[in-house]
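> Sharing a structure here in structure tokens format.
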Amino acid sequence: MSFDVIVIGCGVVGASIARELSKYDLSVAVLEKHLEPCSETSRANSGIVHGGYDTKLGTLKCELNIRGNRLIREEAERLDLDFHQTGSLVLAFSKEDEDSVSELYERGLAMNCEGLEIWDKDTVLENEPNISENVRSALYCGSAGIICPFDMTFSGIEVAVQNGARFVNNAEVLDIKKGRHGGYDVETSQGVFNAQYVVNAAGLFSDKIANMVGDYDFSILPRKGEYRILDKTCFSVVKRVIFQAPSKLGKGVLVSPTSHGNIIVGPTAQAVDSIYDTSITQEGLGFLDEKSIKSVPSLNLRKTIRVFSGVRAKTKTKDFIISESKHAQGFINVGGIDSPGLSSAFAIAEYVVSVLEDAGAKLVKKSKYNSSRKRIQKPDYGQIICRCESVTEQEIVEAVRRPAGAVTVDGIKRRVRPGSGRCQGGFCTPKVMQILSRELNTPMEEIVKGENESFLLIGKK
Numbered sequence: 002m003s004f005d006v007i008v009i010g011c012g013v014v015g016a017s018i019a020r021e022l023s024k025y026d027l028s029v030a031v032l033e034k035h036l037e038p039c040s041e042t043s044r045a046n047s048g049i050v051h052g053g054y055d056t057k058l059g060t061l062k063c064e065l066n067i068r069g070n071r072l073i074r075e076e077a078e079r080l081d082l083d084f085h086q087t088g089s090l091v092l093a094f095s096k097e098d099e100d101s102v103s104e105l106y107e108r109g110l111a112m113n114c115e116g117l118e119i120w121d122k123d124t125v126l127e128n129e130p131n132i133s134e135n136v137r138s139a140l141y142c143g144s145a146g147i148i149c150p151f152d153m154t155f156s157g158i159e160v161a162v163q164n165g166a167r168f169v170n171n172a173e174v175l176d177i178k179k180g181r182h183g184g185y186d187v188e189t190s191q192g193v194f195n196a197q198y199v200v201n202a203a204g205l206f207s208d209k210i211a212n213m214v215g216d217y218d219f220s221i222l223p224r225k226g227e228y229r230i231l232d233k234t235c236f237s238v239v240k241r242v243i244f245q246a247p248s249k250l251g252k253g254v255l256v257s258p259t260s261h262g263n264i265i266v267g268p269t270a271q272a273v274d275s276i277y278d279t280s281i282t283q284e285g286l287g288f289l290d291e292k293s294i295k296s297v298p299s300l301n302l303r304k305t306i307r308v309f310s311g312v313r314a315k316t317k318t319k320d321f322i323i324s325e326s327k328h329a330q331g332f333i334n335v336g337g338i339d340s341p342g343l344s345s346a347f348a349i350a351e352y353v354v355s356v357l358e359d360a361g362a363k364l365v366k367k368s369k370y371n372s373s374r375k376r377i378q379k380p381d382y383g384q385i386i387c388r389c390e391s392v393t394e395q396e397i398v399e400a401v402r403r404p405a406g407a408v409t410v411d412g413i414k415r416r417v418r419p420g421s422g423r424c425q426g427g428f429c430t431p432k433v434m435q436i437l438s439r440e441l442n443t444p445m446e447e448i449v450k451g452e453n454e455s456f457l458l459i460g461k462k
């Protein structure tokens, strides 16, 4: 099968690139090694739309974070994104922190970051009464917000597919060779796909994919982040994204509402040897607890309903790597997309299209293009499948039937949230499996949690 462009990877960046490419008269395929989009770094994301003030002036991160933030706000209604412009605060607890906050403020102004203000202690506590009395001041960023990273990913691939792109799941890339008739032959577990141009948006595996075309110019340095999710009864403890003054390791531990009404606490920032290390550690959770309580002393961590971790794809450059490979014409690397990758995703997609054009791709806008989509809607009545999150049967059915629809229990969870509440799927999982079995015409015992062979049932009665 031949295409003009192949995108490898369907996290939030790959899906955003596919959506941007689908505006043009190009044949596009998106290859995803997992059964579902949004299955690696994008699924274990803080869900924060950063203002951009803490990036380094002159870097791609700076340019694309500022642009990406604006694009999310512009596109939120069209794509029906689960986005809330809450604003954020960076708290200062010492003179050193206050110097850091002042530096961030000045840097943000130089970048044209929108909505920046310095708040004194009284203003902080007036707006966020549960913040520690030890706070001295804070940087407020009005353009920051929260978003559902799952929904942002699904919106991209859904729009791409409805405009003609092809989504191929369970397609692990095994090798890439020069095509017999030009371009590249991408060998996968689902067969061989040919394209004139390849976009490597493989996240944690982007260096391995680049190696397949003789490009060894960058390596991924995995960094793990652990998180807590608190019950919805904690939602009112803060209204905004709450950071502490940053360290060399990153933005530090945040306390933030989520777009679904929970509170998220995290992440840690631990260098790990393996990109597969998503373990939860006592040390990591202890670190989260210590730092989060410093910001919000009344935070009830006993209300934790889930802990999880994700791995970010850092590189030695400390910047995004987005360019045509020096070693393979028409092969575009999109690597090292760590924070603020989610905030920058739409801008990264625009930038990739410009790199493809410079590489020789002919870009002609489609005369007919459907730029909008709607989230799965909650009907006013129906059979309730998930009591914790009030998810109906029809929502689950629609999650399966949509473009690039769900095929696993986790895929349903990330689209409409059964299993995300207090009981963590104890009540609804069998019912979700029954609906998947019916809609996919697949025996119950063959329904999987998230990956191949992650079976939930053994045997047949």
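This note's numbering puts the first residue of the sequence shown at 2, with every later residue one more than the last.
Where is the CB? At the ideal position from N, CA and C, for every residue including glycine.
Please report the Cβ distance between S260 and C149, rounded to the nearest whole angstrom; I am assuming they are in contact, meaning their Cβ atoms lie under 8 angstroms.
Confirmed, Cβ separation roughly 5 angstroms.
> Considering Cα atoms alone, identify which of I177, P38, Q283 and F288 is closest to G157.
Ranking the options by Cα distance to G157, first place goes to P38.
> Can you give me the C-alpha to C-alpha distance between K233 and D176, rounded to a whole angstrom?
Using only the alpha carbons, I get a separation of about 45 angstroms.
> Which residue spans inside the stretch 213-269 form an unbroken beta strand (DSSP E) run of at least 3?
Here the runs fully enclosed are 222-231, 242-245, 255-258 and 264-267.
> Compute the beta-carbon to beta-carbon distance between I349 and V200, rounded to the nearest angstrom, for a pair I have assumed lies under 8 angstroms.
With a Cβ gap of about 11 angstroms, I349 and V200 do not count as contacting.
> What residue from G204, H182 and L205 has the CA that sits closest to F194's CA?
It is H182.
> Classify N170 as helix, strand or coil using the three-state DSSP reduction.
Coil at N170, not helix or strand.
> Is Y198 helix, strand or coil when you go by DSSP?
Correct three-state label for Y198: strand.
> Alpha carbon to alpha carbon, how far is H85 from G146?
Whole-angstrom Cα-Cα distance: 6 angstroms.
> Mark Y217 as exposed unless 16 or more other C-beta atoms lie within 10 angstroms of its C-beta, in which case mark it buried.
Exposed.
> Just to confirm my understanding: we take K178, look at its own chain, exclude 5 residues before and 5 after, and list those with CB closer than 6 angstroms. What are they?
Hits under 6 angstroms: D186.
> The alpha helix (DSSP H) that contains E118, what's its start and end?
Careful: E118 lies outside any alpha helix (DSSP H), inside the beta strand (DSSP E) at L117 to D121.
> Over the uninterrupted alpha helix (DSSP H) stretch that includes G311, give me the two end residues.
Premise fails: G311 lies in the beta strand (DSSP E), T305 to K315, not in any alpha helix (DSSP H).
> Name, in chain order, the residues that DSSP records as bridge partners for V449.
Bridge partners of V449: F456.
> What whole-angstrom Cβ distance do M112 and Y54 have, given they're in contact under 8 angstroms?
Contact holds; Cβ gap of about 7 angstroms.
> Do K432 and S421 have their beta-carbon atoms positioned less than 8 angstroms apart in this structure?
No, the pair does not count as a contact, with Cβ atoms beyond the cut-off.
> I need the boundaries of the alpha helix (DSSP H) containing S296, first residue and last residue.
Run containing S296: Q283 to S296, per the alpha helix (DSSP H) assignment.
> Locate the beta strand (DSSP E) running through A139, then write down its first and last residues.
Note, A139: beta strand (DSSP E), S138 to C142.
> With a threshold of 8 angstroms, are at least 3 pairs of Cβ atoms found where one atom belongs to the stretch 13-28 and the other to the stretch 342-359?
The stretch 13-28, when compared against the stretch 342-359, does touch it at the 8 angstroms Cβ threshold.
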